[in-house]
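Participant: Shown below is the structure under consideration.
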Amino acid sequence: GENVEQHPSTLSVQEGDSAVIKCTYSDSASNYFPWYKQELGKRPQLIIDIRSNVGEKKDQRIAVTLNKTAKHFSLHITETQPEDSAVYFCAATNSGYALNFGKGTSLLVTP
Amino acid sequence: DTGVSQDPRHKITKRGQNVTFRCDPISEHNRLYWYRQTLGQGPEFLTYFQNEAQLEKSRLLSDRFSAERPKGSFSTLEIQRTEQGDSAMYLCASSYGGQPQHFGDGTRLSIL
């Protein structure tokens, strides 16, 4: 089955700096890669996603890049703000329904 | 609020008891998913419905687990003879076709 690895497990940045979270996947047939943000005690919320026919996608301060050859994708957050502090999960799927999640990255943005 | 709704939010029960959780998806979403999330881990896929049909079950879903989605609307997840290892957050998500999955707040299950 699909195996998704996520790094780093924790990340601390100062407000205004950029944050990068990286994920690798094992199944070359995976074709959909969403990112979720989960605040403590709350539901995972989709923040951005990318499909395998696209190399990069951007939405305001958030961007995702995908390298199919290397089987890795990354989340980039620019101009970080304290409210960006949360756990971020990457996921991959080749089935269109079963998302395979990484173990998460705890991001702390300090003022 | 028209998001995914789950009930109850918390469930505490003794080992060996049966529990049932309910999920109400976003209106008109034809796909519904159940995941389990333990502390410090990402959600793990359990099962998936398209309308009322259960189309896929993970190996994580032992015989003690059963899920239904009568009439293709809300879904229930039942765990029989609960064990300590069943303690987790049970998340429900829904989508329209292959569109992104939207999650509910989950049901936190604690086994005493």
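Chains as they are written, first to last, in the numbering used here: chain A, 61 to 171; chain B, -9 to 102.
We put the CB at the ideal spot given by N, CA and C, even for glycine.
Computed from a predicted structure; not experimentally measured.
#1: With distances taken from CA atoms, which of B:Leu102, B:Arg(-1), B:Gln27 and B:Pro(-2) is nearest Arg71 of chain B?
#2: Closer than 8 angstroms between beta carbons: that is the criterion. Which residues of the region 143 to 169 of chain A meet it against chain B?
#3: Does the distance from the C-beta atom of Ser166 of chain A to that of Val80 of chain A stay below 8 angstroms?
#4: Once DSSP output is grouped into helix, strand and coil, what is the label at Glu62 of chain A?
#5: Give the range of the beta strand (DSSP E) segment to which Ile101 of chain B is assigned.
#6: Taking the alpha-carbon of Tyr92 of chain A as reference, which of A:Lys163, A:Cys150 and A:Pro171 has the nearest alpha-carbon?
#7: Could you check the C-alpha separation between Pro15 of chain B and Tyr25 of chain B for me, to the nearest Å?
#8: Measure the C-alpha to C-alpha separation of Pro(-2) of chain B and Phe64 of chain B and round it to an integer number of angstroms.
#9: With contact counted as at least three CB pairs below 8 angstroms, one residue from each stretch, are the region 93 to 101 of chain B and the region 43 to 50 of chain B in contact?
#10: Let me confirm a value: Asp53 of chain B is counted as buried when at least 16 other C-beta atoms fall within 10 Å, else exposed. Which label applies?
#11: Do you know whose CA, among A:Asp144, A:Pro94, A:Ala152 and A:Gly61, lies nearest Ser72 of chain A's CA?
#12: Under a three-way DSSP split, which group does Glu46 of chain B fall into?
#13: Near Tyr80 of chain B, what residues of its chain come up, given a Cβ to Cβ distance below 7 angstroms and the 5 sequence neighbours on each side ignored?
#14: Please state the DSSP three-state secondary structure of Pro94 of chain A.
#15: Which of helix, strand or coil does DSSP assign to Gln74 of chain B?
Facilitator: Let me lay it out:
#1: Translated into the one-based positions of the second sequence, residue 71 of chain B becomes position 81. It is B:Leu102 whose Cα lies nearest to the Cα of Arg71 of chain B.
#2: Of all residues in the region 143 to 169 of chain A, the ones placed with a Cβ closer than 8 angstroms to any Cβ belonging to chain B are Phe149, Ala151, Ser155, Gly156, Tyr157, Ala158, Leu159, Asn160, Phe161, Gly162, Lys163 and Gly164, in chain order.
#3: The sequence position of residue 166 of chain A within the first sequence is 106, counting from 1. The sequence position of residue 80 of chain A within the first sequence is 20, counting from 1. Pairing Ser166 of chain A with Val80 of chain A gives a Cβ-Cβ distance that is not under 8 angstroms.
#4: The count along the first sequence starts at 1 and reaches residue 62 of chain A at position 2. Of the three classes helix, strand and coil, the one that applies to Glu62 of chain A here is coil, per DSSP.
#5: For this step, residue 101 of chain B is matched to residue 111 along the second sequence. Here the beta strand (DSSP E) through Ile101 of chain B covers Thr97 to Ile101.
#6: Residue numbering aside, residue 92 of chain A sits at position 32 when the first sequence is read from its first letter. Comparing Cα positions, the closest option is A:Cys150.
#7: Taking the first residue of the second sequence as position 1, residue 15 of chain B is located at position 25. Taking the first residue of the second sequence as position 1, residue 25 of chain B is located at position 35. Taking the straight line from one Cα to the other gives about 14 angstroms.
#8: To locate residue -2 of chain B, count along the second sequence from 1; it is residue 8. To locate residue 64 of chain B, count along the second sequence from 1; it is residue 74. Roughly 14 angstroms between the two C-alpha positions.
#9: The region 93 to 101 of chain B, when compared against the region 43 to 50 of chain B, does not touch it at the 8 angstroms Cβ threshold.
#10: On the second sequence, residue 53 of chain B is found 63 positions in, with the first residue counted as 1. Answer is exposed; the Cβ neighbour count stays below 16.
#11: Indexing the first sequence from 1 puts residue 72 of chain A at position 12. The residue among A:Asp144, A:Pro94, A:Ala152 and A:Gly61 with its C-alpha nearest the C-alpha of Ser72 of chain A is A:Asp144.
#12: What you label residue 46 of chain B is simply residue 56 of the second sequence in a count that begins at 1. Of the three classes helix, strand and coil, the one that applies to Glu46 of chain B here is strand, per DSSP.
#13: As a position in the second sequence, residue 80 of chain B is number 90, starting the count at 1. The answer, listed in chain order, is Phe11, Trp24, Arg26, Leu67, Gly96, Thr97 and Leu99.
#14: Along the first sequence, one-based indexing puts residue 94 of chain A at 34. Judged by DSSP in its simplified three-state form, Pro94 of chain A adopts strand.
#15: Residue mapping note: residue 74 of chain B aligns to position 84 of the second sequence, counting from 1. Residue state, collapsed to three classes: helix.
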